[in-house]
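Residue numbers (the numbering used here): 1 to 461.
Beta carbons are placed, not taken as given, at the ideal position from N, Cα and C, and that holds for glycine.
Computed from a prediction, not measured in an experiment: that's the story for all the values here.
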Amino acid sequence: MDYDTKVLPLTGGYGRYNRIVVVFSWLPNFAVMLNLFSDVFYTLIPESYHCRPDPELLPSTRLPGNLSMLQVLNLSVPWVEGSGLSRCHLYRLQSNFVTEWNLVCSDYWKIPVQQICFMIGWILGYVFLGTLCDWLGRRRVFLLSISLSCVLGVAVCLSSSAEVFLLLRLLQGSTLAGVFLSSYIASKCSLFSRIGFIGLFQISSLAVCHHTDPSGEEEPSGILQKERTHFGLTAHRDDAQNARWPVHPWMPARFIGTGIQYCFTRNLHRYSHNFYFTYFLRVLTGAVACIFLCLSVNHFGRRAMLLLSAIITGLSSLLLLALTQYLQGGLVLVLSIVGLLFSQALAMLSAFFASEVMPTVVRGGCLGLVLASGCVGMAASSLMELQNNSGYFLHHVIFASFAVLSVLCIMLLPESKRKPLPDSMKDGESQRRPPLFLSQPGRDNLPLLVSVLRGGGTKCH
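1) Could you tell me the boundaries of the alpha helix (DSSP H) in which W135 lies?
2) Using only the alpha-carbon positions, how far apart do V151 and L318 sit?
3) Compute the Euclidean distance between the alpha carbons of V164 and A354, then round it to the nearest angstrom.
4) What would DSSP say about G196, mapped onto helix, strand or coil?
5) Taking 8 Å as the cut-off, does the segment 342-362 touch the segment 303-312 (at least 3 CB pairs, one atom from each stretch)?
6) Y42 lies in the alpha helix (DSSP H); which residues open and close that run?
7) Relative to the C-alpha of L405, which residue among L315, L421 and P414 is closest?
8) So the candidates are I311, L143, V113 and L413; which of them puts its Cα closest to the Cα of F399?
9) Return the chain-ordered list of same chain residues with a C-beta closer than 6 Å to the C-beta of I123, the five sequence neighbours on each side being excluded.
10) Here's a check: name, in chain order, each residue in its chain whose Cβ is nearer than 8 Å to the Cβ of V338, leaving out the five neighbours to either side.
11) Let's see if you can read the secondary structure: which residues bound the alpha helix (DSSP H) around R270?
12) Within 10 angstroms of its Cβ, does V370 collect 16 or more other Cβ (buried), or is it exposed?
13) State buried or exposed for V500, treating a residue as buried only when at least 16 other CB atoms are found within 10 Å of its CB.
14) For the segment 132-146 and the segment 173-186, state whether three or more C-beta atom pairs, one from each stretch, are separated by less than 8 Å.
15) What distance in whole Å lies between the Cβ atoms of T175 and S149, which are believed to be in contact at a cut-off of 8 Å?
16) Is it buried or exposed, D134, if we count other Cβ atoms within 10 angstroms and call 16 or more buried?
17) Going by the CB atoms, is the gap between H395 and M384 shorter than 8 Å?
18) Hey, would you say I291 sits closer than 8 Å to A403, going by beta carbons?
19) Classify G329: buried if its beta carbon has 16 or more other beta carbons within 10 angstroms, exposed otherwise.
20) Nearest to G130 by CA position, among Y392, L367, N388 and F393, is which residue?
21) Taking V283 as part of the alpha helix (DSSP H), name the residues at either end of that continuous run.
22) Which whole-angstrom value describes the C-beta separation of A379 and I116, a residue pair presumed to lie in contact below a C-beta threshold of 8 Å?
23) What whole-angstrom Cβ distance do G257 and A347 have, given they're in contact under 8 Å?
24) With DSSP collapsed to three states, give me the class of S25.
25) Are the CB atoms of G121 and G153 within a distance shorter than 8 Å?
26) Assign L323 to one of two classes, buried (16 or more other C-beta atoms within 10 Å of its C-beta) or exposed (fewer than that).
27) Let me know if Q387 comes out buried or exposed under the rule of 16 or more other beta-carbons within 10 Å of its beta-carbon.
28) Between S343 and F264, which are expected to be in contact by the criterion C-beta below 8 Å, what is the C-beta distance as a whole number of angstroms?
29) Using a Cβ-Cβ cutoff of less than 8 Å, which residues in the same chain neighbour E227 once the five nearest sequence positions on both sides are dropped?
30) Please report the straight-line C-alpha distance between R169 and T360, rounded to a whole angstrom.
31) Count the other C-beta atoms from every protein chain shown that fall within 10 angstroms of the C-beta of Y17, then say buried if there are 16 or more, exposed otherwise.
32) For V32, I'd like the list of residues in its chain whose CB is within less than 7 Å of its CB, leaving aside the five on either flank, ordered along the chain.
33) Rounded to whole angstroms, what's the CA-CA distance from P252 to L413? Just pull it up for me.
34) Where does E415 sit, in a helix, a strand or coil, going by DSSP?
35) If you compare alpha carbons, which of L408, F41 and C409 is closest to V156?
36) Just mark G391 as buried or exposed, buried being the case when its beta carbon has 16 or more other beta carbons within 10 Å.
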């Protein structure tokens with residue numbers, strides 16, 4: 001049954017109740033993004049610190065090994081012109097309910113390792129809990145994930161060692177992914193309000209880092225699918241198991257959109273090493289990208305805007321890769337901001353586009369794979385930090401090449417503009433790939449998939 005065009009108008013459409021649900025659906029998303037941003041506080045290091053004594057301050061006739069510990073500490077204090085010795089103090093890590101450990105100098109590797117473990121947790125959560133959303137329901141997975149995330153969040157704060165902290169962060173990331181994914185696909189959106197809903201949904205999280213009813217109601221179209229007879233439900237599950245659903249076009253787009261942001265952000269550090277400069281610039285470009293998508297995708301189509309975002313992201317990356325040393329500083333800054341803007345638009349739209357095209361019976365698992373590919377891109381950025389930016393040029397070349405090649409994958413996608421969400425696998429396979437440009441009226445629009453008949457022939461839906 002076509003819920004968006006037949007059932008929803010008879011029940012009052014996108015009225016006051018649904019708008020209230022949208023407002024309250026920001027709360028779990030905001031809480032998840034707070035936890036995602038908590039890396040900044042968990043791994044905060046001092047602005048200035050000294051790992052070893054300055055060789056210029058040591059006497060030429062004495063070696064550090066011949067000095068006492070107090071003398072070495074005194075020699076390691078830098079000299080400030082005009083005021084004498086710097087007011088440095090030996091910092092001792094505290095051990096209480098909230099244990100502290102060293103994250104600087106030789107132990108700096110713990111920070112990117114923690115970020116990688118956290119992203120691995122998100123990947124596992126998206127893949128496994130996304131599949132559970134299709135089998136157990138969105139509400140059950142949401143309640144299970146949010147309960148476990150609260151317990152693990154307290155355990156993370158009380159972890160006694162760095163190893164336990166890494167393990168708990170991995171588990172917490174998997175549960176947070178379940179909260180985000182289940183709330184994302186359980187939203188009650190009509191045909192004419194999906195873009196606005198997702199836009200506000202994304203903007204509410206951008207201020208922190210980068211929807212669901214608080215009572216955890218299921219998606220109405222999903223409920224209609226689940227309330228079939230036992231025979232019909234079994235048939236849907238058989239279709240989902242035997243389906244050859246193409247999630248690969250969205251996965252590289254999401255992977256590139258998140259992974260290539262590190263290349264653009266790294267160029268921003270040339271102008272300012274201040275944390276707030278880079279942070280607020282990324283938040284601002286993300287908000288602008290979200291507003292840009294809200295105003296454009298309903299008019300020009302999802303596939304066209306995804307294609308535009310991929311092209312501009314690839315061109316900006318290639319120009320920075322080849323001409324950075326020849327361009328002026330202001331032009332490099334502009335290209336970095338433009339690339340950051342459209343890479344975030346590419347990542348946002350790929351996830352939203354996939355959630356619109358995937359059938360209800362497999363939406364959780366398929367969308368989980370798409371979002372997990374984005375976490376792989378984030379983990380690649382942390383891996384560069386672990387290697388002290390060794391191999392950055394190769395990292396930039398690979399993502400710039402992928403951004404250009406992703407255009408070919410995007411051309412294979414169907415168009416979901418002004419179309420209801422597909423419920424069954426048959427509805428999903430019957431979606432069409434219209435031409436991007438004006439063509440002859442008699443030209444056929446090819447279906448997304450061609451079903452193979454048992455007799456050896458093919459049948460187009």
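In this structure, then:
1) For W135, the enclosing alpha helix (DSSP H) covers residues K110 to L136.
2) About 45 Å.
3) Rounded to whole angstroms, V164 and A354 show a C-alpha spacing of 36 Å.
4) Confidence at G196 is low in this model, with a pLDDT of 49, below 50, so the placement of that residue is unreliable and no value is reported for it.
5) A contact exists between the segment 303-312 and the segment 342-362.
6) D39 to Y42 is the extent of the alpha helix (DSSP H) around Y42.
7) Proximity to L405 across L315, L421 and P414 peaks at L315, based on C-alpha coordinates.
8) Of the candidates I311, L143, V113 and L413, the one whose C-alpha sits nearest the C-alpha of F399 is I311.
9) Same-chain partners within the cutoff: A372 and C375.
10) The beta carbon of V338 lies closer than 8 Å to those of I312 and S316 in the same chain, with the five residues before and after it left out.
11) Per DSSP, R270 lies in no alpha helix (DSSP H) segment and is marked neither H nor E.
12) With 16 or more Cβ atoms within 10 Å of its Cβ, V370 is classed as buried.
13) Absent from the model: residue 500. The displayed extent of the chain is 1 to 461, so no value can be given.
14) Cβ pair count under 8 Å is three or more, so yes.
15) With a Cβ gap of about 4 Å, S149 and T175 count as contacting.
16) Around the C-beta of D134, 16 or more other C-beta atoms lie within 10 Å, and the residue is accordingly described as buried.
17) Against a cut-off of 8 Å, the Cβ pair of H395 and M384 comes out as a contact.
18) In this structure, A403 does not lie closer than 8 Å to I291 by Cβ.
19) Result: exposed.
20) When each option's Cα is compared against that of G130, the closest is L367.
21) F275 to F300 is the span of the alpha helix (DSSP H), which, as asked, contains V283.
22) Contact between A379 and I116 holds: their C-beta atoms lie close to 5 Å from each other, under 8 Å.
23) Right, their Cβ atoms sit about 3 Å apart.
24) In the structure shown, S25 sits in coil (DSSP, three-state: anything other than H, G, I, E or B).
25) The answer is no: Cβ separation not under 8 Å.
26) Under this definition L323 is an exposed residue.
27) Here Q387 is exposed: its Cβ has fewer than 16 other Cβ atoms, across all protein chains shown, within 10 Å.
28) With a contact defined as Cβ atoms closer than 8 Å, S343 and F264 qualify at about 7 Å.
29) Only weak support is given to the placement of E227: the predicted model assigns it a pLDDT of 43, under 50, and the value that follows is read from those uncertain coordinates. Once the five neighbours on either side are set aside, E227 has no close Cβ partner at all.
30) Rounded to whole angstroms, R169 to T360 spans 31 Å at the Cα level.
31) Y17 is classed as exposed because its beta carbon has fewer than 16 other beta carbons within 10 Å across all chains shown.
32) Here the set comprises L176, V179 and F180.
33) Our two residues, P252 and L413, have alpha carbons roughly 13 Å apart in a direct line.
34) Coil at E415, not helix or strand.
35) Ranking L408, F41 and C409 by CA distance to the CA of V156 puts F41 first.
36) Per the 10 Å Cβ criterion, exposed.
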